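In this note's numbering, the protein residues as written are 1 to 127.
Glycine included, every Cβ here is placed at the ideal spot set by N, Cα and C.
Bear in mind the structure is a predicted one, so any value in this text is a computation, not a measurement.
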Ligand SMILES: [Zn+2]
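In structure tokens, the structure reads:
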């Protein structure tokens, strides 16, 4: 049986960046968990990550308009809307590290009850 999936519409706050993400299994599946991390960037951005291959993200608009931010060893590139500042996703800058996997910010998803998500705490601060 194929793993179930669900496609979520998502966008930044102002709507300049708009996309859909197909998450497998869906966010309400007990096998899925959203990563809540305590590192410096996750704390500031309020990231709630779900990890998906780049092919599961389809941009309606704004893909090339996002601003990229890297820091420290620059292993991760963070993408946010330059107009409203919403943090949309993060991606490894080293294709050999995590391939095309993106950490997508579930806070950009429409109509998702954030309080119902199963969170997986990550101690990124110590990594
Ligand atoms: Zn925006």
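Of the residues 52, 69, 106, the one placed nearest residue 118, counting alpha carbons only: With distances taken between Cα atoms, residue 118 lies closest to 106.
Residue 51 vs residue 19 beta-carbon contact at 8 Å: At a Cβ-Cβ threshold of 8 Å, residue 51 and residue 19 do not count as neighbours.
Cβ shell of residue 120 (< 8 Å), same chain only, five flanking positions each side left out: Hits under 8 Å: 33, 34, 35, 36.
Contact under 8 Å by Cβ, residue 24 with residue 9: Not closer than 8 Å, so no.
Under 8 Å between C-beta atoms of residue 39 and residue 103: The answer is no: Cβ separation not under 8 Å.
Assigned exposure category for residue 86 - 16 Cβ within 10 Å defines buried: A buried status is given to residue 86, since no fewer than 16 other beta-carbon atoms sit within 10 Å of its beta-carbon.
CB contact flag (residue 77, residue 63, <8 Å): Not in contact: residue 77 and residue 63 (Cβ atoms no closer than 8 Å).
For residue 90 and residue 96, the rounded distance between their alpha carbons: Each residue's Cα considered, the two are about 16 Å apart.
Those residues which DSSP pairs with residue 131 across a bridge: Because the chain spans 1 through 127 in this model, residue 131 falls outside it and cannot be assessed.
Residue 26 to residue 116 span [Cα, whole Å]: Taking the Cα positions, residue 26 is about 13 Å away from residue 116.
Cβ-heavy atom distance, residue 10 to ligand 1, below 7 Å: Residue 10 has its CB no nearer than 7 Å to any heavy atom of ligand 1.
Pocket of ligand 1 (residues with CB nearer than 7 Å to any heavy atom), chain order: Going by the Cβ distance cut-off, the answer is 12, 13, 14, 15, 16, 17, 81, 83, 84, 86.
Buried versus exposed, by CB contacts within 10 Å (16 or more), residue 66: Flag for residue 66 reads buried.
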